[in-house]
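Notes follow the structure.
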Amino acid sequence: MSLAEVNKERKALLTAEHLYKEFPVEEGKKKEAVHAVTDVNLSLMEGETLALVGESGCGKSTLGKTLIRLYDSDGGKILFDGTDITHMKEREFAPFRTQMQIIFQDPYASLNPRMNVFQIISEPLRTHHRYSKEELSERVYQLMDEVGIAREFANRYPHQFSGGQRQRIGIARALALNPRLIVCDEPVSALDVSIQSQVLNLLKDLQEAYQLTYLFISHDLSVVKFIADRVCVMFLGMICEIGATEELYENPLHPYTRFLLNAIPLADPALRSEKKTLLQGDIPSPVNPPSGCRFHTRCPYAKDICSRETPPCRTCGDRIVYCHFPLGEERS
Amino acid sequence: MSENVLEIKHLKTQFFTRKGVLPAVDDVSIEIPAGKIVGIVGESGCGKSMTAMSVMGLLRHPGRVVSGEILLCGRDITHLKPRELAKLRGKEMSMIFQEPMTSLNPVTTVGKQVEETILLHESCSREEAKKRVIQIFNEVGIPEAEKRFDSYPHQLSGGLRQRVMIAMAMVCRPKLLIADEPTTALDVTIEAQILELFKRLRDETGTSIILITHNMGVVAEVCDYVYVMYTGQVMEQAETFELFANTCHPYTKGLLRSIPKLSEKVDRLYTIRGVVPNLLHLPEGCNFCTRCDECQKRCLKEQPELYEVKEGHKVRCFLCEKGGA
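Protein chains in written order, with my numbering: chain G, 1 to 332; chain A, 1001 to 1325.
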C-alpha cells in the first residue's frame, strides 16, 4: 500500500482551513500587524507525527498554539475530529481542551517553581475534576512511572531537577488527561545531546502506547528526521512544502527546503563541502512581508512572477508545495 | 619559540562554594596552533566555558585558577594583574558569547561600541577609528555598513548582532579569538553563514579560533582539532578527521551515536544512560564510569590518564592504555 493510500484510510484529527493569525504592532495604529500565520491549510492525521519546521519567527509556534486555540485565530476554520472548534464558547470547548495538550520548550520556565511535582502533574486532573482523592494520587504516581520520574520525588520542587527531568515532568502533565493530540513546542532544544535522545525515545514510546498524535515543532532537522512521519516547512507565516519525511529530505521540491537541508552541519567531517550553496541575507520582516511569494527576496531562482503572485498550491501524490517553479520540474 | 598561540598546561580551576570545592576545570592541557580552529565540545557543565573564562581572566568569585599555566604567545598570563590583563583583552585575545543581545550595550549604537575597542587600545583619531569600524563591518559581511554604524542593537537581527560582536572582537586583529557557543542562538541558515565567516577569518587574517560548542555537527564542519570534555576533564583529543574516523573514548562514541542522523532511519536513538554527575560528588575512579557501557572493575577505583593512541590523538580511557583500541 502506498503512503497516500494509508493517509486516505487514516482519519484527519485536526484540520486547519485558510487559517490566519495576526498580532497588532502598535495600539491605535490599526494598519500595522505582524502576519504570523497566513492562509494555512493543514491536516493532522490520527496517530501521526507531523513536524513543523522553519527558522525562528516563521510562525511555527504561533500556528501550533492557534491550532489548539491557545490563541484565537483571525480568520479561517479549525476542525477537531470533524467538529468546528474555531469559535466555540469556553464551556462548550472544555471537553475538547482536555483532548489537546502542549509541551513547552523551556523546562525551566514552564513549571511553577512554587508547586511540587505532585501538584504540577495533578493540576490538570483537579481542574477537570477527573478523580477522587485516592484515585488522583494513584494516577499521578502512574504518570510518574510512565515518564521515568521516581515516585519518591513527588514532593520535590522543579529547581531540584535537571533540565531533562523537568521536561519529563512537563510530559507527565501533558499526558494526565489522556489527550489525543499533543503539541510539542521545541521539546528538546534546551537539552544536552545525551539527554535529548532519552526524551525523544520517551516521546516515541508514549506515542506507541497511547496512539498519540504529535504536532512536533522544531528547528532541528535531524531531530525531525528521527521522529516525524510527515514534515511541514514554513517560511514567514506561510507553508512552503508538506510531505512524507523520507521523500521530502531526499527530494525537496521547494528551494527553501533545499537550502534549509543544505545548511545543517553534519557530524561527519568527510561530508564537509568546501563550496556549499548557502542562503544569503536574513528573514524579511513579518510586518511588511514581501509581496507574492514571501521567499522571493532570498530565492536565487526567483523570476518576475514570484514577486507579483502568491504561488498556488500544487499537489503531487501526497506532497504539497507552494512554489511557482518547484525544483522537480527542472529535472524532468 | 613555539608556534602555538596559546598553551594551557595542567590548568585547574575550582569554585570554592559553601557546599564544597567544585573542580570546574581539572588538569586540562590545551594547545592552540597559529591559524587553526580548535573545537572544545561537551555537554553543559563540562567545563568548556570555564576553561575559556580562565584564559580570559574573567572568572568570578568564588572561582579561581588553582594551578597550571596559561601561555599566550609564550608569555605567562596566569597571574597577571587585572589591569595588565585588560590591556590584552580585545587586543591580543578576545571573546564572543552565545547571546549577542545580552553582550551588546542596548543604549549605544553598535558603531560606537566597536569604535570604543579601537580607541581603548590604540592611539588614533575618531575619524580614523570610524573608518576602520566601517571597514571591519564590511569584512564580516554586514550589509550597508555605513548605515549600520548608527544602528542600535535591537534594530539588528540575531545574525547581524553576532556579526557585530565578531567585528568588535576582530577589529584589533587579535591573535586569538574565543567563541563561546557563537551559533547556538541562531537559525541553521544563519549559523552556516557565521561558520563560513569563521573559516574566512582564519584563512585571511591567520587568527586562531577556539570554538566552544555542544554541537558535533559544527565541530565536524569547521574545526581542525577537537577536544572533548566531560566533568572538567579532557576525555579525548584528536584532529577532526581522526576523531570522527577513529573514535576511541566510550563517551565520544556515545555522543556521536545519540545524535539523530540525516542519512539513516532508526526506530530508537542510542542513549548514554544516566545523567552527568554532580561535580561535588564525582565517582572515585573514572569520571565517566557511572554511565559507561564498557566499564570494568578497575575503572571504578582508578583515574585513567590521557593515553596516546596515535600521534596527536589522546584518550582518557584504560581501554586505550596500550596504545590502540
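Quick reminder that beta carbons are idealized off the backbone N, C-alpha and C, glycines included.
Using 8 Å as the threshold, is the C-beta distance between residue i and residue j below it?
{"i": "A:Y1230", "j": "A:N1287", "result": "yes"}
{"i": "A:V1005", "j": "A:I1032", "result": "yes"}
{"i": "A:M1170", "j": "A:L1177", "result": "yes"}
{"i": "G:S218", "j": "G:V40", "result": "no"}
{"i": "G:T38", "j": "G:G237", "result": "yes"}
{"i": "A:K1036", "j": "A:D1224", "result": "yes"}
{"i": "A:V1294", "j": "A:L1319", "result": "The question names Val, yet the displayed sequence has Glu at residue 1294 of chain A. A contact, by the Cβ cut-off of 8 Å."}
{"i": "G:A176", "j": "G:I149", "result": "no"}
{"i": "A:M1168", "j": "A:Q1098", "result": "no"}
{"i": "G:F235", "j": "A:T1189", "result": "no"}
{"i": "A:S1044", "j": "G:D192", "result": "yes"}
{"i": "A:A1052", "j": "A:S1208", "result": "no"}
{"i": "G:L248", "j": "G:T257", "result": "yes"}
{"i": "G:V188", "j": "G:L202", "result": "no"}
{"i": "G:T49", "j": "G:Q198", "result": "no"}
Tell me which residues share the same chain as residue i and place their Cβ nearer than 7 Å to its Cβ, disregarding the 5 neighbours each side in the sequence.
{"i": "A:H1154", "result": "P1106"}
{"i": "A:R1089", "result": "M1056"}
{"i": "G:K204", "result": "I227"}
{"i": "G:P107", "result": "G163, R166, Q167, G170 and A190"}
{"i": "G:A174", "result": "Q101, I102, I103 and I182"}
{"i": "G:A337", "result": "Residue 337 of chain G is absent from the model: chain G starts at 1 and stops at 332."}
{"i": "G:P300", "result": "none"}
{"i": "A:G1217", "result": "none"}
{"i": "A:A1325", "result": "Note that A:A1325 scores 46 on pLDDT, short of 50, meaning its location in the model is unreliable and no value can be drawn from it."}
{"i": "A:R1132", "result": "I1118 and V1171"}
{"i": "G:S110", "result": "F104 and G170"}
{"i": "A:C1289", "result": "P1283, C1295, C1299 and L1300"}
CB-CB under 8 Å to residue i, same chain, minus the five flanking residues each way: which ones, in chain order?
{"i": "G:T245", "result": "A51, V224, K225, A228, D229, R230 and V231"}
{"i": "G:V25", "result": "E32, A33, V34 and V287"}
{"i": "A:I1194", "result": "G1159, Q1162, R1163, I1166, P1182, T1183 and L1186"}
{"i": "G:I320", "result": "I239, E241, I242, G243, C313 and R314"}
{"i": "G:R331", "result": "Below a pLDDT of 50, predicted positions are generally treated as unreliable, and G:R331, at 44, falls in that range; no measurement from the model is reported."}
{"i": "G:N116", "result": "A154, N155, R156 and Y157"}
{"i": "G:D84", "result": "K77 and I78"}
Name, in chain order, the residues that DSSP records as bridge partners for residue i.
{"i": "G:N262", "result": "Per DSSP, none; premise fails for G:N262."}
{"i": "G:A51", "result": "G:F216 and G:V231"}
{"i": "G:S43", "result": "G:T15"}
{"i": "A:P1023", "result": "A:Q1014"}
{"i": "A:M1093", "result": "A:R1089 and A:L1176"}
{"i": "G:T277", "result": "Answer is none; G:T277 lacks a bridge partner."}
{"i": "A:P1260", "result": "Partner(s): none; A:P1260 has no beta bridge."}
{"i": "A:F1241", "result": "The partner list for A:F1241 (beta bridge, DSSP) is empty, contrary to what the question assumes."}
{"i": "G:V397", "result": "Given a span of 1 to 332 for chain G in the structure shown, any question on residue 397 of chain G remains unanswerable."}
{"i": "A:L1072", "result": "A:L1006 and A:R1075"}
{"i": "G:C316", "result": "G:R319"}
{"i": "A:S1029", "result": "Beta-bridge pairing links A:S1029 to no other residue."}
Residues in the same chain with beta-carbon distance under 6 Å from residue i, minus the five sequence neighbours each way, listed in chain order, please.
{"i": "G:Q211", "result": "G47"}
{"i": "A:K1314", "result": "Q1237, L1306 and E1308"}
{"i": "A:N1138", "result": "A1145"}
{"i": "A:A1129", "result": "E1115, I1118 and L1119"}
{"i": "G:M1", "result": "Reliability of the predicted coordinates at G:M1 is poor, the pLDDT of 41 falling under 50, and the value obtained from them is presented with this limitation in mind. Correct list: empty, nothing qualifies."}
{"i": "G:C306", "result": "G292, C293, H296 and H324"}
{"i": "G:P326", "result": "L253"}
{"i": "G:T195", "result": "Here residue 195 of chain G is Ile; the residue named in the question, Thr, does not match the sequence. Hits under 6 Å: G164."}
{"i": "A:G1254", "result": "I1272"}
{"i": "A:G982", "result": "Outside the shown range of chain A (1001 to 1325) lies residue 982 of chain A, about which nothing can therefore be said."}
Quick check on residue i - is its C-beta less than 8 Å from some C-beta in chain D?
{"i": "G:Q105", "result": "Annotation note: the requested chain D is absent from the structure, which comprises protein chains G and A."}
Residues of the region 1174-1207 of chain A with Cβ closer than 8 Å to any Cβ of chain G, in chain order: D1187, V1188, T1189, I1190, E1191, A1192, Q1193, L1195 and E1196
What residues in the region 1207-1227 of chain A bring their beta carbon closer than 7 Å to a beta carbon of chain G? H1214, N1215, M1216, G1217, V1218, A1220 and E1221
At a CB distance below 9 Å, what residues from the region 115-136 of chain G approach chain A? Give them in sequence order. Correct list: empty, as no residue qualifies.
Interface residues of the region 1146-1160 of chain A facing chain G [CB-CB below 8 Å]: Flagged, chain order: S1157, G1158, G1159 and L1160.
Identify each residue in the region 1259-1270 of chain A for which the Cβ-Cβ distance to at least one residue of chain G is less than 8 Å, and report them in chain order. I1259, P1260, K1261, L1262, K1265, V1266, D1267, R1268, L1269 and Y1270
Tell me which residues of the region 1271-1293 of chain A have at least one Cβ-Cβ distance to chain G shorter than 7 Å, keeping chain order. Within the region 1271-1293 of chain A, the residues whose Cβ lies closer than 7 Å to some Cβ of chain G are T1271, I1272 and V1275, listed in chain order.
Stretch-stretch touch, CB-based, cutoff 8 Å, three pairs: the region 258-267 of chain G with the region 280-289 of chain G: no
Any C-beta of chain G within less than 7 Å: which residues of the region 1227-1257 of chain A qualify? T1240, F1241, F1244, G1254, L1255 and L1256
Check each residue of the region 1043-1075 of chain A: if its Cβ is closer than 8 Å to any Cβ of chain G, include it; give the result in chain order. E1043 and S1044
Three or more C-beta pairs below 8 Å linking the region 1195-1208 of chain A and the region 1015-1023 of chain A: No, the region 1195-1208 of chain A does not touch the region 1015-1023 of chain A.
Members of the region 146-167 of chain G that neighbour chain A once the beta carbon cut-off is set at 9 Å: Contacts with chain A (Cβ-Cβ distance below 9 Å) from the region 146-167 of chain G involve S162, G163, G164 and Q165, listed in chain order.
Going along the chain, which residues of the region 191-206 of chain G sit with their C-beta nearer than 8 Å to a C-beta in chain A? Of all residues in the region 191-206 of chain G, those with a C-beta nearer than 8 Å to a C-beta of chain A are D192, V193, S194, I195, Q196, S197, Q198, L200, N201 and K204, reading in chain order.
I want to know whether the region 74-81 of chain G touches the region 15-23 of chain G - three or more CB-CB distances under 8 Å. yes
Between the region 88-99 of chain G and chain A, which residues of the former have a C-beta closer than 9 Å to a C-beta of the latter? none
Name the residues in the region 222-246 of chain G whose C-beta lies less than 9 Å from a C-beta of chain A; which are they? S222, V223, V224, K225, F226, I227, T245 and E246
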